[in-house]
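Student:
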Amino acid sequence: DGGITQSPKYLFRKEGQNVTLSCEQNLNHDAMYWYRQDPGQGLRLIYYSQIVNDFQKGDIAEGYSVSREKKESFPLTVTSAQKNPTAFYLCASSTPSTSREQFFGPGTRLTVL
Amino acid sequence: AQSVTQPDIHITVSEGASLELRCNYSYGATPYLFWYVQSPGQGLQLLLKYFSGDTLVQGIKGFEAEFKRSQSSFNLRKPSVHWSDAAEYFCAVGFTGGGNKLTFGTGTQLKVEL
Chain A
12 DGGITQSPKY LFRKEGQNVT LSCEQNLNHD AMYWYRQDPG QGLRLIYYSQ
62 IVNDFQKGDI AEGYSVSREK KESFPLTVTS AQKNPTAFYL CASSTPSTSR
112 EQFFGPGTRL TVL
Chain B
15 AQSVTQPDIH ITVSEGASLE LRCNYSYGAT PYLFWYVQSP GQGLQLLLKY
65 FSGDTLVQGI KGFEAEFKRS QSSFNLRKPS VHWSDAAEYF CAVGFTGGGN
115 KLTFGTGTQL KVEL
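Heads up: the sequence lines are chains A and B, in that order.
The working numbering applies: residue 12 is where the first sequence begins, and numbers increase by one.
The working numbering applies: residue 15 is where the second sequence begins, and numbers increase by one.
(1) At a Cβ cut of 9 Å, what residues of the stretch 58-91 of chain B count as close to chain A, listed as they run along the chain?
(2) What residue does the beta strand (DSSP E) around Glu112(A) start on, and which one ends it?
(3) Just to confirm before moving on: does the CB-CB distance between Gly57(B) and Gly27(A) stay below 7 Å?
(4) Are the C-beta of Phe66(A) and some C-beta of chain B separated by less than 7 Å?
(5) Taking C-beta pairs closer than 8 Å, name the residues in chain A that Gln16(B) reaches, listed in chain order.
(6) Taking C-alpha atoms, which residue in Tyr46(A), Thr97(A) and Arg79(A) lies nearest to Phe23(A)?
(7) Out of Ser108(A), Arg47(A) and Glu83(A), point me to the one whose CA is closest to Asn39(A)'s CA.
(8) For Phe23(A), which residues in chain B fall below 8 Å Cβ to Cβ?
(9) With 16 as the cutoff for other CB atoms within 10 Å, does Trp97(B) come out buried or exposed?
(10) Could you check the C-alpha separation between Asp70(A) and Arg55(A) for me, to the nearest Å?
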């Protein structure tokens, strides 16, 4: 079955450590996205990539970094510079089309202790 | 910049009652509009979408939404709510020239009373 996988489901890290969240898709989609979700704030765009080896900052990119070396993969690193990293992180993908629909992964809950 | 407003943070309805969740957007041109649903701790699932054509769109699980350009609205409706509809609902908007980026509302939490 085609879809988006995010691993792990739950992640715990100590303050000051960098951590990388995985996102893989087998939908053959060109574009991929990372969102952060906090209670009452909806989804906020961190980074997005429309093609391999290219990515752009979203609305809240500070303290985060990404890479897009393969079409299928778009890992997100939460660095120690991110002041409040505890959140639910969602990865999504889409294909250039008139409908603009995004498909979402199951999410990763990151807790920084 | 475009924005999306979901004015109701929480809504409680009785099972079997009708439901309407409100969504307003601000953008000059015709937007691409979406409603997603999220169960606790899960990803988002698309309920329905509008990008052209008939302004009343049908989605999965018996949901429908109507695009009203004059009111900049895209409200979600269901004639009879089931207990399993309890979840958080997000409205999202995209626009021509914005790539495939979407802007999401802050969500409406639906509680269903039995």
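Glycine included, each C-beta is placed from N, C-alpha and C at the ideal position.
Tutor: Inspection of the coordinates gives the following:
(1) Answer set for the stretch 58-91 of chain B: Leu58, Gln59, Leu60, Lys63, Phe65 and Ser66.
(2) Where Glu112(A) is concerned, there is no enclosing beta strand (DSSP E), given that its DSSP letter is neither H nor E.
(3) no
(4) no
(5) Neighbours of Gln16(B) on chain A: none; closest Cβ ~12 Å, over 8 Å.
(6) Thr97(A)
(7) Nearest C-alpha to Asn39(A): Glu83(A).
(8) Correct list: empty, because the minimum Cβ distance to chain B is about 16 Å.
(9) Taking all protein chains shown into account, Trp97(B) has fewer than 16 neighbouring C-beta atoms within 10 Å of its C-beta and is therefore exposed.
(10) Distance between the alpha carbons of Asp70(A) and Arg55(A) is about 7 Å.
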